[in-house]
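Notes to accompany the following structure.
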Amino acid sequence: MRRGPENCALMTRSKSFLSQPVSSYYLLLVSTAALTGLGLVMVLSASSIHSLETSGSSFSIVLRQFIFLLIALPIGYLASRLSIAKWKLVARFSLLGSILLLGLLQIPGLGNTVNGNTNWIAVGPIVFQPSEFVKFFMILWAGSMLAKHEESKAVRSNVIATLVPTFFAIMALIMLGNDLGNAAIFAAILVCLLFISGIRLRLIGFTTLLGLALVGGLIITVPNRMRRLLAVMHPFSPEFYKLSGWQPAHSIMGLASGGLFGVGLGASRQKWGNLAEAHTDFIFSVIGEELGLVGTLVVLFLFGALILAIFRIAIRASDPMVRYTCAGIGAWIMVQVVLNIGSATSVLPVVGVTLPLLSYGGSSLIAIYLALGFVVGAALRDPAINMAAKLSKK
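Per our numbering, residue 31 is the first one in the sequence shown, and the count goes up by one each step.
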């Protein structure tokens, strides 16, 4: 079949647009908006039964998520307008701020335990998860440290000596709250930052093996974590199904029953009490059941577009701190998506992390928008992107 001149011209224009720097900026905005909108719809669908049982209204949880979004949007906008000088000032104190935030969890009366994890701070009606904000603050701090090493042309091993002990200390503070999932995210972010900084693969491999050994030790020494690991291989076996295999088993059931186009929006059967945390950790399963394979592929495509846009903006950044921080944010979102979807598909153990922009959770949503605001600001400081964006508004 021959391609007509109109189709060839359209393909040429598409390729030309994607090759332009401004395409990353619009790809970032469009994918973020699409994931946020889909997230609100799926939180409503996945939480309606649980919300009706706990509050008497099917809309109470999604309304809270909408309020979180109204808070996140101006924070993201302000973050995009902050100058590099001010971000560097924030980076100087971000490590101390991270330690203080995580330290508050250990104060009796402030730290709130949910499902065995003490990773929430409750002050009256306000409840938030410090580790979500610490992810961004630690990436910001690491970006400033890596930039200093690059500018001073320091020995690469100095980077490991700076980053590894500090990240391990933050992971130890998180593990005081028994939150292995977020500790694993910090470990993965550390490895990605070391790789981006140009450290020799041999040293990265050694750091990775050390981290895996620590994580393995934390899993083996706690029976519940060990059962979760074993349940990944046999979630439907009588030994695990009623306990640690329940969530991965019903997650697989939901994904399997969705077929190509799903059973229909709002028609999920697993969310009727079978699938715990349907609107948070396992929202991907509800998407697969209600929107089918097509829905899950759309989600993967949108995340792929978002992460690609972030890395493309990072590559073009002229300031090394901005470059490393944007790359770290891209790595953070990528790692968290892999861990969440890996848990939902029973490829990885259930680690209890949210799916960025899609899952319910104010701390996660606000922290992600804060980080994406930083990336938008980095894009707008690029002269080529800034000029093209201004011309498109005229």
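Ideal Cβ positions, reconstructed from N, Cα and C, are used throughout, including at glycine.
- DSSP places I229 outside both helix and strand once states are collapsed to three, so it counts as coil.
- Rounded to whole angstroms, the separation of the alpha carbons of I129 and F167 is 10 Å.
- For V153, no alpha helix (DSSP H) run applies; the uninterrupted beta strand (DSSP E) run containing it begins and ends at N147 to V153, by DSSP.
- Ranked by Cα distance from L135, the options D209, L108 and E83 are led by D209.
- In the pairwise beta carbon analysis, the segment 167-180 is classified as touching the segment 351-359: at least three pairs are separated by under 8 Å.
- DSSP, reduced to helix, strand and coil, places N142 within a strand of the structure shown.
- Bounds of the beta strand (DSSP E) holding F158 are I156 to F158.
- Assigned with DSSP and collapsed to three states, Q95 falls in helix.
- Residue G372 holds the alpha-carbon nearest to the alpha-carbon of L259 among G372, G284, R232 and M201.
- Residue environment analysis places A243 among the exposed positions, since fewer than 16 neighbouring C-beta atoms fall within 10 angstroms of its C-beta.
- Contact between G296 and G318 does not hold, since the beta-carbon distance rounds to 14 Å and is not under 8 Å.
- When only Cα atoms are considered, N212 and V245 end up about 12 Å apart.
- Separation of L112 and L119 (C-alpha to C-alpha, rounded to the nearest whole angstrom) is 11 Å.
- Contact between the segment 155-167 and the segment 394-404 is present: three or more C-beta pairs spanning the two stretches fall below 8 Å.
- Taking a cut-off of 8 Å on C-beta distances, the segment 69-76 does not touch the segment 339-351, as fewer than three cross pairs fall below it.
- One thing to note: G106 has its Cβ within 8 Å of the Cβ of Y399.
- For G275 against S267, the beta-carbon gap comes to about 7 Å, under 8 Å, which counts as contact.
- Note on N254: under 16 other CB atoms within 10 angstroms of its CB, so exposed under the neighbour-count rule.
- By the 16-neighbour rule on beta-carbons within 10 angstroms, W117 is buried.
- In the DSSP assignment, A297 falls outside any alpha helix (DSSP H) and carries neither an H nor an E.
- Between V92 and L74 the beta-carbon gap is near 4 Å, inside 8 Å, which marks them as a contact.
- V405 has its alpha-carbon roughly 16 Å from the corresponding atom of G334.
- A contact between stretches requires three or more CB pairs, one per stretch, nearer than 8 Å, and the segment 302-310 fails this requirement with the segment 50-61.
- Across the structure, V329 and V367 are spaced so that their CA atoms are roughly 10 Å apart.
- A straight-line Cα-Cα distance of about 20 Å links R257 and G207.
- In the structure shown, R255 falls within a helical segment according to DSSP collapsed to helix, strand and coil.
- Counting along the chain, V380 sits inside no alpha helix (DSSP H), nor does DSSP assign it H or E at all.
- Under the three-state reduction of DSSP output, F89 falls in the coil class, being neither helix nor strand.
- Considering only I114, I79 and V262, the residue with the shortest C-alpha distance to S376 is V262.
- By the Cβ-count criterion, T384 is buried, with 16 or more other Cβ atoms from all chains shown falling within 10 Å of its own Cβ.
- Its chain contains M72, S75, A76, G284, S298, Q300, K301, L305, A308 and H309 as the residues whose beta carbon lies nearer than 8 Å to that of V316, once the 5 sequence neighbours on both sides are disregarded; these appear in chain order.
- Where T355 is concerned, the enclosing alpha helix (DSSP H) starts and stops at P350 to A374.
- Straight-line spacing of the CA atoms in V293 and R411 works out to 45 Å.
- Beta-carbon to beta-carbon, A408 and L223 are separated by about 16 Å, too far to satisfy the 8 Å threshold.
- Cβ-Cβ distances below 7 Å link G235 to nothing in the same chain once the five nearest sequence neighbours on each side are left out.
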